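Count along the sequence shown from 1, add 13, and you get the number used in our numbering. Here a beta-carbon is modelled for each residue, glycine too, at the ideal position from N, C-alpha and C. These numbers were taken from a predicted model, which means no experiment stands behind them.
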Amino acid sequence: MKKIKQLILAFAIVTGVGAMTLPAAPALAVNVFDSCAGNSTAAVCKSQKDNATPMIKIVINLLLTALGMISIIMIIIGGVRYTTSQGDSSGIKSAKDTIVYSVVGLVVAILSYSIVNFVLEWF
């Protein structure tokens, strides 16, 4: 079991380092707004409003919601582990650590949610 964990960790490290060292692919996008000077009836010319901020807000809020859900699930798992430890001191300590780390993760998720929404309101 320990060998499998070591292999998975080694694979994750190699994949992460490999992904960071590979060059990014160049973006060969066409600026569609250049053609708006002669044809203002096109749909793309009518909607030149920046939609990045709402999209960023939606994505970040979804990720933070998922993080909050995972934290709550981990608190429940820690509680179950605590009640089923049957007085084993290492099991109790492990369960308490799980609960504490989950609560810290939940607090970080809530603070991140409020900070992101506060910052995005300014832009």
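### Task
Identify the continuous alpha helix (DSSP H) that holds Pro87 and give its terminal residues.
Within the sequence shown, the letter at position 74 stands for residue 87. It is worth fixing the name first, because residue 87 is Met in this sequence and not Pro. Residues Ala65 to Thr96.
### Query
Helix, strand or coil for Asp101 per DSSP?
Reading the sequence shown from its first residue, position 88 is the one you call residue 101. In the structure shown, Asp101 sits in coil (DSSP, three-state: anything other than H, G, I, E or B).
### Query
Short check: CB of Ile112 to CB of Gly91, under 8 Å?
As a working mapping, residue 112 is identified with position 99 in the sequence shown. As a working mapping, residue 91 is identified with position 78 in the sequence shown. Yes, they are a contact pair.
### Task
Tell me whether the beta-carbon of Ala122 lies closer than 8 Å to the beta-carbon of Ser84.
Taking the first residue of the sequence shown as 1, we reach residue 122 at position 109. Taking the first residue of the sequence shown as 1, we reach residue 84 at position 71. Yes. Within cutoff.
### Query
Looking at C-alpha atoms only, which residue of Ile21, Leu119, Arg94 and Ser107 is the closest neighbour of Leu76?
Here the question's residue 76 lines up with position 63 in the sequence shown. Among Ile21, Leu119, Arg94 and Ser107, the Cα nearest to that of Leu76 is on Leu119.
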